[in-house]
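Below is one structure; the comments refer to it alone.
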Amino acid sequence: MAKSFHAQWSSRMTFILAATGSAVGLGNIWRFSYLVGDSGGAAFVLVYLLCIALVGLPILVSEWMIGRRGQKNPINSLAELARKNGSSQAWILVGVSGVLAAFLILSFYSVIGGWSLSYTLSSLTGDFSGQDAATIEGLFGALLESPGMLMLWHTIFMALVLGIVAFGVNQGLEKAVRLLMPALVVLLVVLVIYGMFSGHFGEALAFMFAPDMSAFTGDVVLAAMGQAFFTLSLGMGIMISYGSYLGQEVKLLGAARTVIILDTVIALLAGLAIFPIVFANGLDPSEGPGLIFVTLPIAFGGMTAGWLLGLIFFLLLTFAALTSAISLLEPVVEFLEERSPLSRVPATVVASFAIWGLGVAALLSFNLWDFTVLFGLNIFDLLDTVTAKILLPLTGLGAVLFAGWVLSRDSVAKELGLSGGAATAWNVAARFIAPIGVILVFVFNLVG
Ligand code: PHE
9 MAKSFHAQWS SRMTFILAAT GSAVGLGNIW RFSYLVGDSG GAAFVLVYLL CIALVGLPIL
69 VSEWMIGRRG QKNPINSLAE LARKNGSSQA WILVGVSGVL AAFLILSFYS VIGGWSLSYT
129 LSSLTGDFSG QDAATIEGLF GALLESPGML MLWHTIFMAL VLGIVAFGVN QGLEKAVRLL
189 MPALVVLLVV LVIYGMFSGH FGEALAFMFA PDMSAFTGDV VLAAMGQAFF TLSLGMGIMI
249 SYGSYLGQEV KLLGAARTVI ILDTVIALLA GLAIFPIVFA NGLDPSEGPG LIFVTLPIAF
309 GGMTAGWLLG LIFFLLLTFA ALTSAISLLE PVVEFLEERS PLSRVPATVV ASFAIWGLGV
369 AALLSFNLWD FTVLFGLNIF DLLDTVTAKI LLPLTGLGAV LFAGWVLSRD SVAKELGLSG
429 GAATAWNVAA RFIAPIGVIL VFVFNLVG
């Protein structure tokens with residue numbers, strides 16, 4: 009008895025760690041803070057929190073449920089469940105667009121992972137110590153202007169991801185998440201406290217939490233929803249895969265709550281660490297993707313032993329980025345393995361090379377290819393926009409519609425351990441609130 013209880017607990021922990029490892033990454037720190045700055049602050053944060061609760065939670069649970077019932081990769085799970093429930097095979101499109109999104113996201117994600125690696129080294133060599141804000145901004149500018157450096161770091165990051173996935177050492181990595189994730193939280197708290205004393209904390213709080221009605225534009229709302237999908241790793245089949253390894257005993261709603269709280273707390277802490285420094289140094293909050301790479305080194309540069317804190321911070325950030333990147337490569341490799349004659353290692357190499365190549369195009373948009381290709385966006389922004397604002401929400405919409413309308417109501421209520429009013433609430437959320445939320449955001453964006 010005691011033994012089986014222990015076994016269950018341990019598998020639930022591993023699952024939550026894997027899901028958290030995928031969810032917590034550059035999205036929480038790099039992407040969240042730069043979008044908050046870019047989208048005028050509190051309006052974005054508010055819509056983001058609403059999207060996490062009303063749309064993210066039902067979709068996360070739906071994806072896990074599809075995986076656990078299908079017991080296969082996302083595409084085959086959907087195909088089988090659709091067949092069993094007498095529904096159309098067109099549902100597999102949800103899985104296919106997820107794989108495409110993973111491929112596109114990893115290409116630019118690896119470029120930013122490379123920045124994080126590069127900043128780890130710069131912290132170690134003391135590049136930021138005692139430097140003023142302008143010099144530190146200049147260092148970031150110099151990195152962006154150097155295709156060679158960007159390519160070097162992007163290549164190293166992608167090689168690490170390839171190595172880990174090809175040799176299947178993900179397991180050990182997930183165990184490390186257990187230790188490193190709390191360390192990341194502690195470091196962020198230290199930075200928030202630093203911001204309270206040395207930065208313009210009040211201004212940062214107002215910026216993040218006191219919304220200005222005129223800031224609720226269609227684009228801000230769409231960006232906030234895109235971020236909710238991105239940060240929870242939704243709409244790509246990743247959570248469907250993770251669900252497929254899951255035993256029946258795990259309570260999906262409780263697990264989702266844990267993952268979502270961790271993910272959201274880390275993002276909000278990152279914002280509270282970064283904006284006091286932005287305002288204290290007269291920096292522009294809408295400076296874009298470079299925001300954390302300019303602000304945090306300023307804070308580290310001004311602290312005693314800041315090089316050490318910087319080193320630890322960027323190491324932890326790189327680590328969080330790696331665990332997320334691995335979860336992004338996995339579906340692409342799985343897809344190639346099952347749909348082509350390639351076995352695991354060659355499939356990993358082929359997928360990584362293709363992703364690396366697209367990443368090179370993305371990094372050149374900061375320098376040599378600094379021109380717009382479509383809709384006024386360069387390649388980097390286009391990859392980010394098409395995935396986060398279009399592909400992820402649409403794929404997630406498919407997953408929650410499937411769970412709400414195709415899977416039988418009673419079996420879902422039983423699986424989630426819900427009855428009476430709670431079962432009805434889930435049903436309303438999965439059938440109406442989450443899907444209508446996604447659709448409304450699209451409509452609002454068209455008119456707003
Ligand atoms: N959720 C990860 C992050 O916040 C990124 C990611 C997106 C990972 C989509 C997997 C799938 O950094």
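Start counting the sequence shown at 9; every next residue gets the next number (this note's numbering).
Cβ atoms here follow ideal geometry from the backbone N, Cα and C, with glycine treated the same way.
Just so we're clear, the structure is a prediction, and the values are computed from it rather than from any experiment.
Residue i beta carbon near ligand 1 (any heavy atom closer than 7 Å)
i, result
"ALA31", "yes"
"GLY35", "yes"
"THR266", "no"
"ILE67", "no"
"SER427", "no"
"PHE23", "no"
"LEU336", "yes"
"SER419", "no"
"MET272", "A quick correction: the sequence has Thr, not Met, at residue 272. Not so, every heavy atom of ligand 1 lies at least 7 Å from the Cβ."
"MET244", "yes"
"ASN113", "At residue 113 the sequence reads Ile, which differs from the Asn that was named. Yes, the Cβ of ILE113 comes within 7 Å of a heavy atom of ligand 1."
"SER241", "yes"
"SER124", "no"
"SER252", "no"
Pick from the options that is closest to residue i, judged by C-alpha positions
i, options, result
"ARG186", "GLY279, ASN93, MET21, TYR117", "MET21"
"THR331", "ALA31, GLY406, ALA109", "ALA31"
"SER206", "TRP123, ARG265, MET311, GLY255", "MET311"
"PHE283", "ILE300, VAL273, VAL267", "ILE300"
"PHE321", "SER131, LEU240, GLY106", "SER131"
"SER137", "ARG91, TRP364, LEU317", "LEU317"
"SER124", "ASN84, THR143, PHE148, SER105", "PHE148"
"VAL446", "LEU261, VAL394, ALA232, LEU325", "ALA232"
"ASP292", "PHE238, LEU230, PHE215", "PHE215"
"PRO354", "PRO443, GLY171, LYS183", "GLY171"
"SER2", "THR28, ALA26, TYR42, GLY29", "Examination of residue 2 is not possible in this model, given that the chain is present from 9 through 456 alone."
"ALA329", "SER115, MET204, LEU89, ILE83", "SER115"
Expected contact under 8 Å - CB spacing of residue i and residue j to nearest Å
i, j, result
"GLY234", "ALA396", "4 Å"
"VAL63", "GLY406", "No, VAL63 and GLY406 are not in contact; Cβ-Cβ is about 13 Å, not under 8 Å."
"VAL169", "LEU337", "6 Å"
"ALA51", "PHE224", "5 Å"
"PHE440", "ILE74", "Between ILE74 and PHE440 the Cβ distance is about 19 Å, and since that is not below 8 Å, they are no contact."
"VAL228", "SER47", "4 Å"
"ASP271", "ASN36", "6 Å"
"ILE100", "ALA87", "5 Å"
"VAL107", "VAL340", "6 Å"
"PRO305", "ILE144", "5 Å"
"ILE24", "THR266", "6 Å"
Buried or exposed by the 16-neighbour rule on C-beta atoms within 10 Å, applied to residue i
i, result
"LEU323", "buried"
"MET221", "exposed"
"VAL55", "buried"
"TRP413", "exposed"
"SER12", "Confidence is the limiting factor: at SER12 the pLDDT is only 33, short of 50, which leaves the residue's position unreliable, though a coordinate-based value still follows. So SER12 counts as exposed."
"THR432", "exposed"
"PRO190", "exposed"
"PRO349", "exposed"
"TYR202", "buried"
"ARG347", "exposed"
"LEU392", "Checking the sequence shown, residue 392 turns out to be Asp, not Leu. With 16 or more Cβ atoms within 10 Å of its Cβ, ASP392 is classed as buried."
"GLU153", "exposed"
"ILE60", "buried"
"SER427", "exposed"
"ILE269", "exposed"
"VAL455", "exposed"
"SER249", "buried"
"THR91", "It is worth fixing the name first, because residue 91 is Arg in this sequence and not Thr. ARG91 is exposed by the Cβ-count criterion."
"LEU327", "The sequence as given places Phe at residue 327; Leu does not occur at that position. It is buried - the Cβ of PHE327 has at least 16 other Cβ atoms within 10 Å."
"TRP434", "buried"
"THR133", "exposed"
Span of the alpha helix (DSSP H) around residue i
i, result
"ARG91", "82 to 92"
"SER130", "100 to 132"
"TYR42", "40 to 46"
"LEU276", "260 to 288"
"MET233", "226 to 239"
"THR395", "It is not in any alpha helix (DSSP H) - THR395 carries neither H nor E in the DSSP assignment."
"TYR56", "50 to 59"
"PHE215", "209 to 217"
"ALA174", "155 to 174"
"ASN375", "It is not in any alpha helix (DSSP H) - ASN375 carries neither H nor E in the DSSP assignment."
"PHE308", "299 to 310"
"ILE37", "Note, ILE37: premise wrong, no alpha helix (DSSP H); not H, not E."
"LEU382", "Counting along the chain, LEU382 falls outside any alpha helix (DSSP H), and DSSP gives it neither H nor E."
"VAL408", "400 to 409"
"SER252", "246 to 252"
"MET221", "That residue, MET221, is in no alpha helix (DSSP H); it is neither H nor E in DSSP."
Min CB distance residue i to chain B below 8 Å
i, result
"VAL44", "Absent from the structure is chain B; it holds one protein chain and no more."
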